[in-house]
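Taking UniProt numbering, the leading residue of the sequence shown gets 1, the next gets one more, and so forth.
Where is the CB? At the ideal position from N, CA and C, for every residue including glycine.
None of the values given here were measured: they were computed from a predicted structure.
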Amino acid sequence: MTGSQRREQLVTISRALFASKGFEGTSVEEIAARAKVSKPVVYEHFGGKEGIYAVVVDREVQRLLGMLTEQLSSGGHPKLIVERAALALLDYIEENTDGFRILVRDSPVAQATGTFSSLIGDVATQVEHLLADQFRLRRLDPAAAPMYAQMLVGLIALTGQWWLEARKPDKTEVAAHIVNLTWNGLAGLEKSPRLTVEKR
């Protein structure tokens, strides 16, 4: 196995362990044993458990951020953008369950970036610009856009955390309900919401 192949093997094994046992519950010994290598091999490639965890988290953050950014920058009616962003998060959870479990768990205290909360903050910053434009069109104060962006992204993210375990109803129905609340508000909820976008 080349150094690069060994590194990928260690990342794959560690990702599965971090997803099932968390950061604290995973040891370098277990990573090494699963990879059938000695502990020094893990230290040589990553410097320790923190190093391999940082690589795993960074990859997941980039994957999810890429999926969300693509939808947020795709243009179209704001309601469609919210629909696509909600579906993108649920798609990520469905396709990368282990990765999402890792992101939503508490990160080591020393790690300030790459956490789920910092990811949500990055997404909220992108949403803030979209909301500010819509606020201006509706003669609302665009200075309130950052606060509303946090609310919107937080609602979608927390619903995603709940759906990670629940998995019912279907993701398109969950996304439709997210959009129903965010777009219509409690006073204007539709009885049977449906997405405008095509089913996946």
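Alpha helix (DSSP H) segment containing R101, residue limits: The residue you call residue 101 lines up with position 101 of the sequence shown. Its alpha helix (DSSP H) spans residues T97 to V104.
Residue from G22, Y92, H77 and L155 whose Cα sits closest to the Cα of L68: Here residue 68 refers to the residue found at position 68 of the sequence shown. For L68, the nearest C-alpha among the options comes from Y92.
H129 (DSSP reduced to helix, strand or coil): The residue you call residue 129 lines up with position 129 of the sequence shown. H129: helix per DSSP, three-state reduction.
Every unbroken beta strand (DSSP E) inside the region 162-192 [3 residues or more]: none
C-beta contact flag for A175 and A86 at 8 Å: Along the sequence shown, one-based indexing puts residue 175 at 175. Along the sequence shown, one-based indexing puts residue 86 at 86. Their beta carbons are under 8 Å apart, which means A175 touches A86 by this criterion.
Sequence-distant residues of the same chain with beta carbon closer than 6 Å to G99, five excluded per side: Against the sequence shown, residue 99 aligns to sequence position 99. If we look at G99 and ignore the five residues flanking it on each side, its Cβ neighbours are E60.
Sub-8 Å separation of I102 and A157 beta-carbons: For the purposes of this step, residue 102 is taken as residue 102 along the sequence shown, with counting starting at 1. For the purposes of this step, residue 157 is taken as residue 157 along the sequence shown, with counting starting at 1. No, Cβ-Cβ distance for I102 and A157 is not below 8 Å.
Secondary structure of D141, DSSP reduced to three states: Position 141 of the sequence shown, counted from the start, is the residue given in the question as residue 141. Residue state, collapsed to three classes: coil.
Same chain, Cβ closer than 7 Å to G48, neighbours up to 5 away in sequence not counted: Counted from its first residue, the sequence shown places residue 48 at position 48. Here the set comprises V28.
6 Å CB neighbourhood of L186 in its chain, flanking five on each side removed: As a working note, residue 186 is residue 186 in the sequence shown. Hits under 6 Å: none found.
Presumed contact (8 Å Cβ cut-off) between A143 and L131, rounded CB distance: Numbered from 1 along the sequence shown, position 143 holds the residue referred to as residue 143. Numbered from 1 along the sequence shown, position 131 holds the residue referred to as residue 131. Not confirmed; about 11 Å, so no contact.
Local conformation of V37 per DSSP, three classes: Counted from its first residue, the sequence shown places residue 37 at position 37. Note: V37 maps to coil in three-state DSSP.
Reference A84; option with closest CA among K171, A166 and F116: Walking along the sequence shown from the start, residue 84 turns up at place 84. First, the amino acid is wrong: residue 84 is Arg here, not Ala. For the residues K171, A166 and F116, the minimum Cα distance to R84 belongs to K171.
8 Å contact criterion, which residue 205 and T196 should meet: CB distance rounded: Only positions 1 to 200 of the chain appear in the structure, and residue 205 is not among them; the question remains open.
Close beta carbons around Q111, own chain, < 6 Å, minus the five adjacent residues each side: Mapped onto the sequence shown, residue 111 falls at position 111. Any reading at Q111 needs caution, since the residue's pLDDT is 47, under 50, leaving its predicted position unreliable; the model's value is listed next. So the list is empty, once near-sequence residues are dropped.
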